[in-house]
Amino acid sequence: MNKEWWERAVQFHGHECPGLAIGCKACEAAMEELGFMFSADEEIVCVTENDACGVDAIQVITGCTFGKGNLIYRGTGKMAFTFFARDLGKSLRLVFKPLPPEMDRGQRQQYILHAAVKDLFEFKHPNYQLPEKARIFNSMVCEKCGEAAAEHKMRLQDHKTVCLDCFEEYTRGW
Ligand SMILES: [Zn+2]
Ligand SMILES: [Zn+2]
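For the sequence shown, my numbering assigns the number 535 to the last residue and increments by one with no breaks.
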């Protein structure tokens with residue numbers, strides 16, 4: 362396990378935990394298998410199927426972040442991560458295998474950090490396509506509260522363009 366990665370991930374995440382270790386090892390597996398380094402732009406896209414600790418390691422180590430739009434949340438609740446390498450046309454879906462139940466938290470973390478990636482994850486192919494590149498949306502000003510929001514989040518109400526907060530007073534938005 363790359364010690365520097367682990368230290369950077371722990372610093373960003375705030376604590377050590379088995380979940381963070383899973384995220385680090387998912388990075389190791391994806392980078393080895395797909396052959397990439399840190400993603401400075403959007404050439405690598407990660408689709409995470411959970412919003413747990415491991416996602417923090419993925420953001421720090423791979424450069425797939427919510428802010429850049431190359432980290433996408435697909436909430437199936439599974440401990441699974443898919444990586445797409447746009448330029449290489451390759452993809453990999455990593456599904457974490459269950460651990461022996463008798464391990465305690467500390468043992469789980471140590472086991473994950475030191476295990477071979479093939480022992481930790483099933484290597485699969487995603488059954489969905491590469492998401493399109495992050496689009497830049499125009500913003501519009503809500504005619505009710507005056508706050509600007511992305512165009513595709515606006516709603517029409519009484520012939521006025523309103524934001525989701527204002528629209529929500531009538532229906533349940535989002
Ligand atoms: Zn954690
Ligand atoms: Zn508004």
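Glycine is no exception: its CB is placed at the ideal position from the N, C-alpha and C atoms. Just so we're clear, the structure is a prediction, and the values are computed from it rather than from any experiment.
Exercise. Report the residue from Tyr472, Asp402 and Cys503 whose alpha carbon sits nearest the alpha carbon of Phe427.
Key: Position 66 of the sequence shown, counted from the first residue, corresponds to residue 427. Out of Tyr472, Asp402 and Cys503, Asp402 has the C-alpha closest to the C-alpha of Phe427.
Quiz item: Hey, would you say the C-beta of Leu381 is under 6 Å away from at least one heavy atom of ligand 1?
Solution: Counting from one through the sequence shown, the residue named residue 381 turns up at place 20. Checking the Cβ of Leu381 against ligand 1 gives yes.
Quiz item: Would you call the region 375-392 and the region 405-415 touching, i.e. three or more CB-CB distances under 8 Å?
Solution: Enough Cβ pairs lie closer than 8 Å, so yes.
Quiz item: What is the rounded straight-line gap between the Cα of Leu525 and the Cα of Glu504?
Solution: If you number the sequence shown from 1, residue 525 lands on position 164. If you number the sequence shown from 1, residue 504 lands on position 143. In a straight line, the C-alpha of Leu525 is about 12 Å away from that of Glu504.
Quiz item: Roughly how many whole angstroms lie between the Cα atoms of Pro461 and Leu481?
Solution: Reading the sequence shown from its first residue, position 100 is the one you call residue 461. Reading the sequence shown from its first residue, position 120 is the one you call residue 481. Rounded to the nearest angstrom, the two C-alpha atoms are 11 Å apart.
Quiz item: Just checking my contact of Ile419 with Cys407 at CB under 8 Å: how many whole Å lie between their CB atoms?
Solution: The count along the sequence shown starts at 1 and reaches residue 419 at position 58. The count along the sequence shown starts at 1 and reaches residue 407 at position 46. In this structure Ile419 touches Cys407 by the C-beta definition: roughly 6 Å separates them, less than 8 Å.
Quiz item: Nearest CA to the CA of Glu394: which residue from Phe445, Val502 and Ala476?
Solution: As a working mapping, residue 394 is identified with position 33 in the sequence shown. It is Phe445 whose Cα lies nearest to the Cα of Glu394.
Practice problem: Output the distance between the C-alpha atoms of Glu463 and Glu404, rounded to the nearest integer angstrom. | Solution: Within the sequence shown, residue 463 is the residue found at index 102, counting from 1. Within the sequence shown, residue 404 is the residue found at index 43, counting from 1. Cα-Cα distance, rounded: 40 Å.
Practice problem: Run the proximity test for Val523: is its beta-carbon closer than 6 Å to any non-hydrogen atom belonging to ligand 2? | Solution: One-based indexing of the sequence shown puts residue 523 at position 162. The answer is yes for Val523.
Quiz item: By DSSP, does Thr443 sit in helix, in strand, or in coil?
Solution: Numbered from its first residue, the sequence shown carries residue 443 at position 82. Strand.
Practice problem: Return helix, strand or coil for Cys385, following the three-state DSSP convention. | Solution: Numbered from 1 along the sequence shown, position 24 holds the residue referred to as residue 385. Cys385: helix per DSSP, three-state reduction.
Quiz prompt | Buried or exposed by the 16-neighbour rule on C-beta atoms within 10 Å, applied to Phe442 | solution = For this step, residue 442 is matched to residue 81 along the sequence shown. Under this definition Phe442 is a buried residue.
Quiz item: By DSSP, does Lys485 sit in helix, in strand, or in coil?
Solution: Numbered from 1 along the sequence shown, position 124 holds the residue referred to as residue 485. Residue state, collapsed to three classes: strand.
Quiz item: Cβ of Lys386 within 6 Å of any heavy atom in ligand 2?
Solution: Looking up residue 386 in the sequence shown gives position 25. Flag unset: Cβ of Lys386 not near ligand 2.
Quiz item: Can you tell me where the beta strand (DSSP E) with Leu455 in it begins and where it stops?
Solution: To locate residue 455, count along the sequence shown from 1; it is residue 94. Here the beta strand (DSSP E) through Leu455 covers Lys451 to Phe457.
Exercise. Measure the C-alpha to C-alpha separation of Gly450 and Gln490 and round it to an integer number of angstroms.
Key: Working through the sequence shown from its first residue, we reach residue 450 at position 89. Working through the sequence shown from its first residue, we reach residue 490 at position 129. Gly450 and Gln490 have their alpha carbons spaced roughly 11 Å apart.
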